[in-house]
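Novice: First, the structure itself, so that you have it in front of you.
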Amino acid sequence: MEDIVIEVSNLKKAFGDNDVINDISVTVRKGETVVLIGPSGCGKSTFLRCLNGLEPIQGGTVSLHGEPVEYGSGSLYKIRQKIGMVFQNYDLFPHMTVMDNICLSPLKVQKRPREEVRQEALELLERVGLKDKADAYPSELSGGQKQRVAIVRCLIIHPDIILLDEITAALDPEMVHEVLNVVLDLAKNGTTMMIVTHEMAFAEAAADRIIFLDGGVIVEEGTPHEFFKSPRTERAQRFLKTFSYTK
Ligand code: ADP
Ligand code: MG
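Listed below in structure tokens is the structure:
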């Protein structure tokens, strides 16, 4: 089907004899927000890294719009232009302004016209509430502001999907919301995303689908309503209790 963005089939990933991902299959369609949750160490980050070819895998396939994503393959650099990724620790270049950080990839890799890119950067900065920070350096920004810049830097390449890995985990509590609100707005506006988070209220509000991972497999998958209101498995119930998020 043409609206499938990412298709993961029977993915297996191990580090030595540590089988982290044991046969996971997931399809993400255009416009969907899929939220991955699960206990620490269950392989969520590893899974996201496999989606854009950052890890060699031991079995299965990953494809983006039908094109194989393979660790070490020559076409990976093209695929990375179609998959945006934001991590826990904003990796902005410290010696470059916000504007230059955002425009780097569209100018140098995508070779788009400077004025058009600058204009779009300003529009995106305005959308995340940071229009007045275009000329600031990362060291002049709070953690929450840096993460919003990192999101803009992703959006400006017009990726087919954005992967977000615990992007608020390193932030002070008062900054968590300003970042999650931006992501929620993207979700409501049909941005295709796969999100790893421990923020359960946000997961419930943003997700079209929740995937609960544990022990290297998908333990449960369903709508946020199904998952949070009536988790079917004992493992998911136990997990949600640790967040005091059972309803
Ligand atoms: P999560 O993001 O769900 O907390 P990770 O994907 O970071 O989990 O880790 C899953 C498992 O893989 C853990 O057992 C972790 O120790 C292991 N792991 C992750 N990255 C590496 C690596 N580069 N080398 C060896 N083991 C790793
Ligand atoms: Mg992780």
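Quick note: to get my numbering, add 400 to the position in the sequence shown (first position is 1). Ideal placement from N, C-alpha and C gives every residue a C-beta, glycine not left out. As the structure is a prediction and not an experimental result, all values here were calculated from the model.
1. Nearest to Leu451 by alpha carbon, out of Leu564, Ala605, Ala603?
2. Assign Thr493 to one of three DSSP states: helix, strand, or coil.
3. Can you give me the C-alpha to C-alpha distance between Pro631 and Ile618, rounded to a whole angstrom?
4. Would you decide whether Gly484 is buried or exposed? Buried here means 16 or more other CB atoms lie within 10 Å of its CB.
5. Give the range of the alpha helix (DSSP H) segment to which Asn452 is assigned.
6. How close, in whole Å, do the beta carbons of Ile611 and Glu621 come, if the pair is a contact with beta carbons under 8 Å?
7. For the pair the segment 485-494 and the segment 517-533, tell me if three or more CB-CB distances fall below 8 Å.
8. Can you give the Cα-Cα distance for Thr597 and Glu604, rounded to whole angstroms?
9. Starting from Leu541 and walking both ways along the alpha helix (DSSP H), at which residues does that stretch end?
10. Do you know whose CA, among Gln510, Arg429, Ala536, lies nearest Ile406's CA?
11. Is the closest heavy atom of the ligand ADP to the C-beta of Phe415 under 6 Å?
12. Give the range of the beta strand (DSSP E) segment to which Ile502 is assigned.
13. From Ala550 to Gln458, what does the alpha carbon distance come to, in whole angstroms?
14. Helix, strand or coil for Glu526, going by three-state DSSP, please let me know.
15. Per DSSP, which one or two residues make a beta bridge with Ala414?
16. For Asp535, name the three-state secondary structure that DSSP assigns.
17. Along the chain, where does the beta strand (DSSP E) containing Glu620 start, and where does it finish?
18. Sort out for me which residues DSSP pairs Lys408 with in a bridge.
19. With DSSP collapsed to three states, give me the class of Val549.
20. Can you find at least 3 beta carbon pairs, one from the segment 413-423 and one from the segment 439-448, that sit closer than 8 Å?
21. Assign Gln545 to buried or exposed, taking buried as 16 or more other Cβ atoms, counted over all protein chains shown, within 10 Å of its Cβ.
Specialist: The answer reads as follows:
1. What you label residue 451 is simply residue 51 of the sequence shown in a count that begins at 1. Leu451 has its Cα closest to that of Leu564, out of Leu564, Ala605, Ala603.
2. Mapped onto the sequence shown, residue 493 falls at position 93. It should be pointed out that residue 493 corresponds to Phe in this sequence rather than to Thr. Three-state DSSP puts Phe493 in coil, outside helix and strand.
3. Taking the first residue of the sequence shown as position 1, residue 631 is located at position 231. Taking the first residue of the sequence shown as position 1, residue 618 is located at position 218. Each residue's alpha carbon lies about 13 Å from the other.
4. Position 84 of the sequence shown, counted from the first residue, corresponds to residue 484. Answer is buried; the Cβ neighbour count reaches 16.
5. Sequence index remark: in the sequence shown, residue 452 carries index 52 (1-based). Asn452 -> no alpha helix (DSSP H), and no H or E assigned at all.
6. By 1-based counting over the sequence shown, the position of residue 611 is 211. By 1-based counting over the sequence shown, the position of residue 621 is 221. Between Glu621 and Ile611 the Cβ distance is about 5 Å, and since that is below 8 Å, they are a contact.
7. no
8. As a position in the sequence shown, residue 597 is number 197, starting the count at 1. As a position in the sequence shown, residue 604 is number 204, starting the count at 1. If you take the alpha carbons of Thr597 and Glu604, they lie about 11 Å apart.
9. Against the sequence shown, residue 541 aligns to sequence position 141. No alpha helix (DSSP H) contains Leu541, which DSSP labels as neither H nor E.
10. For this step, residue 406 is matched to residue 6 along the sequence shown. Taking only the C-alpha atoms, the option nearest Ile406 is Arg429.
11. Mapped onto the sequence shown, residue 415 falls at position 15. Indeed, a heavy atom of the ligand ADP lies less than 6 Å from the Cβ.
12. Here the question's residue 502 lines up with position 102 in the sequence shown. Counting along the chain, Ile502 falls outside any beta strand (DSSP E), though it belongs to the alpha helix (DSSP H) covering 498-508.
13. Start at 1 with the first residue of the sequence shown, and residue 550 comes out as number 150. Start at 1 with the first residue of the sequence shown, and residue 458 comes out as number 58. Cα-Cα distance, rounded: 31 Å.
14. Position 126 of the sequence shown, counted from the first residue, corresponds to residue 526. Three-state result, Glu526: helix.
15. Taking the sequence shown and counting its residues from 1, the one referred to as residue 414 is at position 14. According to DSSP, Ala414 bridges with Asp419.
16. As a working mapping, residue 535 is identified with position 135 in the sequence shown. Reduced to three states, the DSSP call for Asp535 is coil.
17. Within the sequence shown, numbered from 1, the residue matching residue 620 stands at position 220. Glu620 -> beta strand (DSSP E) spans 617-622.
18. As a first step, residue 408 must be located in the sequence shown, where it is residue number 8. The question names Lys, yet the displayed sequence has Val at residue 408. DSSP lists Val426, Val462 as partners of Val408.
19. Here the question's residue 549 lines up with position 149 in the sequence shown. DSSP places Val549 in helix when its eight states are reduced to three.
20. yes
21. Walking along the sequence shown from the start, residue 545 turns up at place 145. The residue is buried, with at least 16 neighbouring Cβ atoms inside 10 Å.
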